[in-house]
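Sequence positions in the sequence shown follow numbering that gives the first Met the number 0 and run 0 to 88. Backbone N, C-alpha and C fix where the C-beta goes; we use that ideal spot for every residue, glycine too.
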Amino acid sequence: MASTVTAAEVSKNFGAYQDAAVREPVVITKNGRPRTVLMAYEDFVRLSKRDRRVQRTIDLSDAEIAAVEAAEMTPDPDQVGASAKQTAG
């Protein structure tokens with residue numbers, strides 16, 4: 000769980016919060032509202048890799064379109080939902 004601290008407190012003890020952020024994210028508030036998060040670089044890199052990139056289909060090459068058309072979705076999304084219901088029920 001992330002700890003929460005004011006921006007004023009972070010500015011007074013930046014080194015301590017920088018060390019704490021390696022262990023868990025530190026939410027920094029301003030005027031009582033969450034504004035930024037200080038986190039370990041490795042966590043930032045991991046989360047950044049999860050970002051999805053949006054690309055317009057009109058910008059895809061013919062080869063990319065063919066690859067998408069040939070791709071098979073596994074497992075079937077309908078089956079995933081059905082098996083989840085069976086497991087829960």
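(1) Taking just the CA atoms, how far does Q54 sit from L37?
(2) Indicate the three-state DSSP secondary structure (helix, strand or coil) for L90 in the structure shown.
(3) Who are the near neighbours of Q17 in its chain, counting only those whose CB is closer than 6 Å to its CB and skipping five residues on each side?
(4) How far does the beta strand (DSSP E) with V26 in it reach, from first residue to last?
(5) Please identify the residue among T5, V44, A62 and S60 whose C-alpha is closest to the C-alpha of G31.
(6) Do V26 and T3 have their CB atoms nearer than 8 Å?
Checking against the coordinates, here is how it stands:
(1) Stepping through the sequence shown from its first residue, residue 37 is reached at position 38. Stepping through the sequence shown from its first residue, residue 54 is reached at position 55. The straight-line gap from Cα to Cα measures roughly 30 Å.
(2) Residue 90 lies beyond the residue range present for the chain, which begins at 0 and ends at 88; the question has no answer from this structure.
(3) If you number the sequence shown from 1, residue 17 lands on position 18. No residues qualify anywhere along the chain.
(4) The count along the sequence shown starts at 1 and reaches residue 26 at position 27. First-last of the beta strand (DSSP E) with V26: V25 to K29.
(5) As a working mapping, residue 31 is identified with position 32 in the sequence shown. Cα-wise, what sits closest to G31 is T5.
(6) Locating residue 26 in the sequence shown gives position 27, counting from the first residue. Locating residue 3 in the sequence shown gives position 4, counting from the first residue. Closer than 8 Å, so yes.
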